[in-house]
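Participant:
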Amino acid sequence: MQGAAGAALAIGISVATATPAQAACTPGAVDAATPAPGTTVTCSGTTLDQNLDAGYGTANQTGITINVGNGATVESHARIGIWVGDGVINNGVGATILGWTNGIIAATGSLAVTNDGSITATNANAINAATGLTLTNHATGVISGGVSGIVSGGVVNVDNAGTITGTAGSGISSASAVTLTNQTGGNVSGVVAGISSSANVTLTNQAGGGVSGTGDGIKSLNGAVTVDNAGTITGTNEAAIDGLLDISVTNRAGGVISGGMRGIFSRGGNIILDNSGSITSSNQVATVSTQTGNVTLINRAGGSINGNVITGQGFIDVHNSGDIGGITGSTGIKVVNAETGTITSIVSAGDSEIDNFGTVTTFVGIVGTGNLVNHTGARILGSVNGLSGSNVVNHAGGYIGGAGVINGSIENSGTINGGVGLHDNARLVNNAGASITSATDAVSGASGAGSSISNAGTISATNYGIVFSNSGNTITNLAGGTMSGGAIGVLSTSDVSITNSGTISGTAAPGIGLLVGGALQLVNNAGASINGAVGGIVTGFAGGSASIVNAGSISGGTAAISFGAAGNTLTLLPGSVISGDVIGFGSDTLQLAGTGRGSVDISQFSGFTTFTKFDPSIWTLTGTATYASPVDINGGTLAVNGNLASAGLLTVNPGGTLGGSGIVGATTINGGTLAPGNSIGTLTMASLTMTPGSTYLVQVDGAASDRMIVTGAATIAGTVSVDPLARVTSTTTYTIIDAGTLTGTFDSATLINNFGRNARLSYAGDTVLLTLDPGLLVPGLVGNATFNQKSVAAGIDSAIVGGAVLPGSFDALFALSGDPLLDALSQFSGEIHASAKSALIEESRFVRDAINGRLRAAFDGAGASLAPVLAYGPGATPVLVAPDHGEPSFWSHGFGAWSQIDSDGNAARLDHSTGGLLIGADSLVGDWRIGLLAGYSRTGLRVADRASSGSSNNYHVGLYGGTEWGNIAFRSGLAYTWHDLSTNRSVTIPGLAESLSAGYGAGTLQAFGELGYGFDMGSTRFEPFANLAYVNLHNGNFAEQGGAVAVSGASSTTGVTFITLGLRAEHALALGTVDATLRGMVGWRHAFGDTTPMNSHAFSAGDAFAIAGTPMARDSAMSRPAST
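Positions -23 to -1, 1 to 1101 (mature numbering (1 follows the signal peptide of the UniProt record, and there is no 0)) are the ones given, in order, by the sequence shown.
Next comes the structure, spelled out in structure tokens:
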């Protein structure tokens, strides 16, 4: 180090003791003891060569303080301005310390220097301290050395606001640590370096401060560097900052760090950099760089690094909001580029994590594994290249100028304009709304193992949408996904597997949607499309076979599909649309499969040698075939509505069905089903063989039926299954086979529904005839059918057997079976008309109870209620009288109830309600009380399970009488009720909905008698009783209106006898000052006679049938508590 060499030279000269030429510094320097340590030396005026080799000092003074006054000068023409062992030197304003070699030397120790003037060395160092230096260089201070400004063998601490210059060496040079605070206006400069140290360097460089070197700005040969910079640091030819160990830099806004080859360089340590200013290098290859260590960089908004951030072996961690000329990592990088950030390029040879919110202007290269996320609004204007398993994610709104990965992945939700390269097991996901475009090829793959593509967005290019020259690639084009090329949508020279639910297209010459040279596995799903201006799909140009499953659309101007090699299979599923010819290679297989219904024009197909139908789908074949090989139907239905006569043997195996109204050639039904027509129709064939176990399914409708015309020989066996599409209304004979020659017979003929019956076959020459009688319902009823259901079915069947023609509404019944049929028969029954009888007979008791109650009250019977009784007194004014008043008396009785009668499993539950008023008058006639009554009530009816309801207006009249013989009471009555009935019900089954109503009259006659025996036990009265009542209900004829399934009913009479045995009681008690009476009755009632009401119903045709209503209870317990 030049500064250190200068110090050694000065120390090596022998000490002179000659008498000084001038003595302006006092006390003068004589030897080590003079001046003594602690002495303050004052220099004023001009001191010139006060000592022999120095302006002042003999190199061995220690502990002294030298004050060079303002404007004073200490100068040595021979050698050193001030030469001491150590000391404190204060150089005043305008003062000068000047030496021919060195300005100031501390020969054995350290210096503390405060400078407001100038310290100058003409040929060596301005300040040279053997063991250390503390310097305060104020704004007026100038320190200038012919070699270095400052040289020290120890620690240097400098607070500088002035100028420190080394014209041939360094501004500051130390064998130990250097700490510099460079104030505003402070400037440290040198040729070798602004600051050079063999140990650590710490710099605080304020705004307006400068550190510069023609070589390096700051150089630490063996230590670390710490910099807080708001000024300027310059290394013109080398580095602005160069350190062996770690470098930590805070470059504040306005701070400038500028180098030649490098801006900041660590040869053996790490760099930690927080930049808000400018960092540049002329070379730009390594503006911020390490040889072995890591770089941690925060480049804030406004911060600029004009060249590369690069490491030789270390890791780079960058958070950028400003501008960076590039990032190159040798072992890995982590980069967060904020929205305001701009990075020219990013390259990493190791593991990488890159989050880009801003702009990368050229390219990103990842040699190792890693992840790049390009966020919404972010832009990478060049390409992204990832090797060895890197992953790229481009968010919605993100832009990348192109991408390529090897054994990695790309997930794109934004825009990639410039294409994508996939190599060696790479993966591409292009999401909905995303786009990949290119002026040449949008996606390409050329090397290594196959890659995979999943696309729901747009992939498009002027040339090829997707092009693969390697094998094993997989493409999934999702619904909404588009893959298009101006020339070819997808090109693969080798093997490829494709699942398409979107669109693949080739729009211009040669205009091919999908071109494959190797083996192709393709599934074109429902709603998907593959199309080309010339060809939809072209395969086999490199010898590969193809397997295509199509449920979507394939179209081409010349050919929809063209197979260029042998061994291809084309499977069509329902929904398949082929627009254009399908050209086989001469040994290919056509298959119709799937579920649902499909249609195919066989005239479009050529070059196939196998044609198979399987799965349960129903396919309709149109057009005229040129196909000449066998056809196998192994499952589902093939309806030939075109001409398949050119084919070889057509075989229908078990599970398969041949139908349609077209033409076929030689046909064998080998355990399968022959079903001509598409509903009712005729199928023509050259010859027919039906093996045992085969089925001929014949549909009939009115006078028409399915029919087979066999122009040649027909050999028949198996069974005939008959499916009437509507009810057969009369015995009908159908021709089901016309043959050139007929051999054999069918085993049997069976029906699959109730629309017809008695299916029977006959043979007339070479013709097979089928005869059907109209269908019946009863034979098809399941075992749990009820009486009413069987009765309705029998009524309908009677019409059919009798030859009557039922209305078409009844056809809906014959289409049902099992429980749905039973439910429909219950709805047809009109059950509410029979059940209404139970309600009216049950409610007749309210008249009997009212009469009985009045007679018991009149004779003060036990448990009788005391309803008000009126009589007319003098002046014809009605007055309340006792119940046993002997003169004519008048009474009234209101009643109401809600009741239900449960289902018996045949008729449904009946809910009924009633309410009314009765008025009576009676008088004593001898020992008898004789009376009359009249009244009105209304009854509501509801049978919810039959969607039925009704009501009855009831008008009542009656005669009654009663007497007593001691304790024995006798009560009796006779009453008649007129009923005005109306009903409404709905019949709703598949294919039929009718609303039916009826109105008719009925009458109830009833008579009753009761014996009771009354006795007292204390304050309790009892009356055992026996009651006998007979009720007779007669209803008139009725006929429902509103639909074809309306029923009519004949008049009928229903009689029921009721016997009731019971006990009435009452007990008087006092509740405080209130007298009260508890009354009640318990009993048992037995009914016999017509307890299950019956009606005789009939439809518009057929015999009458019996319907049972909801039955009345034969035995029931009764109780009526009351109190007054």
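Backbone N, C-alpha and C fix where the C-beta goes; we use that ideal spot for every residue, glycine too.
These numbers come from a predicted model, not from an experiment.
Express the C-alpha separation of residue 1076 and residue 526 in angstroms, rounding to a whole number.
Facilitator: Counted from its first residue, the sequence shown places residue 526 at position 549. Counted from its first residue, the sequence shown places residue 1076 at position 1099. In a straight line, the C-alpha of residue 526 is about 57 angstroms away from that of residue 1076.
Participant: Could you give the distance in angstroms between the alpha-carbon of residue 82 and the alpha-carbon of residue 61?
Facilitator: Your numbering for residue 82 matches position 105 in the sequence shown. Your numbering for residue 61 matches position 84 in the sequence shown. Taking the straight line joining both Cα atoms gives about 6 angstroms.
Participant: Residue 906 by DSSP, collapsed to three states: which one?
Facilitator: As a position in the sequence shown, residue 906 is number 929, starting the count at 1. Strand at residue 906.
Participant: When you compare each of 80, 94, 84, 92 to residue 103 by their alpha carbons, which one comes out closest?
Facilitator: As a position in the sequence shown, residue 103 is number 126, starting the count at 1. Considering only alpha carbons, the answer is 80.
Participant: Among 497, 487, 409, whose alpha-carbon lies nearest the alpha-carbon of residue 455?
Facilitator: For this step, residue 455 is matched to residue 478 along the sequence shown. Closest by alpha carbon: 409.
Participant: I'd like the list of long-range same chain contacts for residue 788, defined as Cβ closer than 6 angstroms, with 5 residues on each side in sequence excluded.
Facilitator: To locate residue 788, count along the sequence shown from 1; it is residue 811. Only 703, 704 meet the Cβ criterion.
Participant: Let me confirm a value: residue 684 is counted as buried when at least 16 other C-beta atoms fall within 10 Å, else exposed. Which label applies?
Facilitator: For the purposes of this step, residue 684 is taken as residue 707 along the sequence shown, with counting starting at 1. That one is buried.
Participant: So, is residue 864 buried or exposed, given that buried needs 16 or more other C-beta atoms within 10 angstroms?
Facilitator: Here residue 864 corresponds to residue number 887 of the sequence shown, with the count starting at 1. Under this definition residue 864 is an exposed residue.
Participant: Could you give the first and the last residue of the continuous alpha helix (DSSP H) run that contains residue 100?
Facilitator: Along the sequence shown, one-based indexing puts residue 100 at 123. Here residue 100 belongs to no alpha helix (DSSP H), and DSSP marks it neither H nor E.
Participant: Only counting runs of 4 or more residues, tell me where the alpha helix (DSSP H) segments fall wholly within the segment 776 to 842, in order along the chain.
Facilitator: List check, alpha helix (DSSP H) in window: 788 to 791, 795 to 805, 809 to 820, 822 to 835.
Participant: From residue 217 to residue 229, what does the alpha carbon distance come to, in whole angstroms?
Facilitator: Here residue 217 corresponds to residue number 240 of the sequence shown, with the count starting at 1. Here residue 229 corresponds to residue number 252 of the sequence shown, with the count starting at 1. Approximately 15 angstroms, taken between the alpha carbons.
Participant: Counting only runs that start and end within the segment 465 to 498, where is the beta strand (DSSP E) found for 3 or more residues in a row?
Facilitator: 465 to 469, 473 to 477, 480 to 483, 489 to 493
Participant: Can you check which of these residues, 688, 748, 724, is closest to residue 708 by C-alpha distance?
Facilitator: Here the question's residue 708 lines up with position 731 in the sequence shown. Cα-wise, what sits closest to residue 708 is 748.
Participant: When DSSP labels each residue in this structure, what does residue 769 get in the three-state scheme?
Facilitator: Within the sequence shown, numbered from 1, the residue matching residue 769 stands at position 792. Taken through DSSP and simplified to helix, strand or coil, residue 769 comes out as helix.
Participant: Assuming residue 962 contacts residue 923 under a Cβ cut-off of 8 angstroms, what Cβ separation, rounded to an integer in Å, is found between them?
Facilitator: Residue mapping note: residue 962 aligns to position 985 of the sequence shown, counting from 1. Residue mapping note: residue 923 aligns to position 946 of the sequence shown, counting from 1. Rounded, the Cβ-Cβ distance is 6 angstroms, consistent with contact.
Participant: Please return the same chain residues whose Cβ sits closer than 6 angstroms to the Cβ of residue 1106, not counting the five positions on each side in sequence.
Facilitator: Since the displayed the chain opens at -23 and closes at 1101, residue 1106 lies outside it and no answer follows.
Participant: Going by beta-carbon coordinates alone, are residue 342 and residue 324 separated by less than 8 angstroms?
Facilitator: Sequence index remark: in the sequence shown, residue 342 carries index 365 (1-based). Sequence index remark: in the sequence shown, residue 324 carries index 347 (1-based). Cβ atoms of residue 342 and residue 324: closer than 8 angstroms.
Participant: Give a yes or no on contact between the segment 109 to 125 and the segment 92 to 99, applying the rule of three or more CB pairs nearer than 8 angstroms.
Facilitator: yes
Participant: Exposed or buried, what is residue 415 when buried is set at 16 or more other beta-carbons lying within 10 Å of its beta-carbon?
Facilitator: Within the sequence shown, the letter at position 438 stands for residue 415. Burial call: buried.
Participant: Counting only beta-carbon separations shorter than 8 angstroms, does residue 180 have a partner in chain C?
Facilitator: This model lacks chain C altogether; it includes just one protein chain.
Participant: Put residue 1083 into one of helix, strand or coil per three-state DSSP.
Facilitator: Within the sequence shown, residue 1083 is the residue found at index 1106, counting from 1. Residue 1083: strand per DSSP, three-state reduction.
Participant: With a 10 Å radius around its C-beta and 16 neighbouring C-beta atoms as the bar for buried, classify residue 1018 as buried or exposed.
Facilitator: Within the sequence shown, residue 1018 is the residue found at index 1041, counting from 1. Counting Cβ neighbours within 10 Å, residue 1018 comes out exposed, since fewer than 16 surround it.
Participant: Counting Cβ pairs, one atom from each stretch, are 3 or more of them under 8 angstroms apart for the segment 370 to 378 and the segment 418 to 433?
Facilitator: no
Participant: Leaving out five residues on either side along the sequence, give the residues of the same chain with a beta carbon under 6 angstroms from the beta carbon of residue 273.
Facilitator: As a working mapping, residue 273 is identified with position 296 in the sequence shown. Once the five neighbours on either side are set aside, the close Cβ partners of residue 273 are 249, 294.
Participant: Which value, in whole angstroms, describes the spacing of the CA atoms of residue 1033 and residue 697?
Facilitator: Numbered from its first residue, the sequence shown carries residue 1033 at position 1056. Numbered from its first residue, the sequence shown carries residue 697 at position 720. Near 56 angstroms, if we compare the C-alpha coordinates of residue 697 and residue 1033.
Participant: Under a three-way DSSP split, which group does residue 774 fall into?
Facilitator: By one-based count along the sequence shown, residue 774 stands at place 797. Looking at residue 774 - three-state DSSP - the assignment turns out to be helix.
Participant: What runs of the beta strand (DSSP E), each 3 residues or longer, lie entirely inside the segment 707 to 733?
Facilitator: 709 to 720, 725 to 728
Participant: Can you give me the C-alpha to C-alpha distance between residue 1092 and residue 767, rounded to a whole angstrom?
Facilitator: Translated into positions along the sequence shown, residue 1092 becomes position 1115. Translated into positions along the sequence shown, residue 767 becomes position 790. One C-alpha to the other measures close to 28 angstroms.
Participant: Is it true that the CB of residue 804 sits closer than 8 angstroms to the CB of residue 964?
Facilitator: Your numbering for residue 964 matches position 987 in the sequence shown. Your numbering for residue 804 matches position 827 in the sequence shown. Result yes, Cβ atoms of residue 964 and residue 804 sit closer than 8 angstroms.
Participant: Which of helix, strand or coil does DSSP assign to residue 591?
Facilitator: Residue 591 sits at position 614 when you count from the first residue of the sequence shown. The answer is coil: DSSP assigns residue 591 none of H, G, I, E or B.
Participant: Should the segment 782 to 801 be called in touch with the segment 905 to 919, which here means at least 3 C-beta pairs below 8 angstroms?
Facilitator: no
Participant: When the Cα of residue 84 is compared with those of 107, 71, 75, which residue comes out closest?
Facilitator: In the sequence shown, the residue the question calls residue 84 occupies position 107. Considering only alpha carbons, the answer is 107.
Participant: When we look at the beta-carbon of residue 1048 and count the other beta-carbons within 10 Å, is it buried (16 or more) or exposed?
Facilitator: For the purposes of this step, residue 1048 is taken as residue 1071 along the sequence shown, with counting starting at 1. For residue 1048, the number of other beta carbons within 10 angstroms of its own is below 16, and it is reported as exposed.
Participant: Drop a sphere of 10 angstroms on the beta-carbon of residue 444, count the other beta-carbons inside from all chains shown, and report buried for 16 or more, exposed for fewer.
Facilitator: In the sequence shown, residue 444 corresponds to position 467, counting from 1. With 16 or more other Cβ atoms within 10 Å, it is buried.
Participant: Given this structure, state the Cα-to-Cα distance separating residue 691 from residue 735, to the nearest angstrom.
Facilitator: The count along the sequence shown starts at 1 and reaches residue 691 at position 714. The count along the sequence shown starts at 1 and reaches residue 735 at position 758. Approximately 25 angstroms between the Cα atoms of the pair.
Participant: Could you check how far apart the C-beta atoms of residue 664 and residue 648 are, in whole angstroms? I think they sit under 8 angstroms.
Facilitator: The residue you call residue 664 lines up with position 687 of the sequence shown. The residue you call residue 648 lines up with position 671 of the sequence shown. About 18 angstroms separates the Cβ atoms of residue 664 and residue 648, ruling out a contact at the 8 angstroms cut-off.
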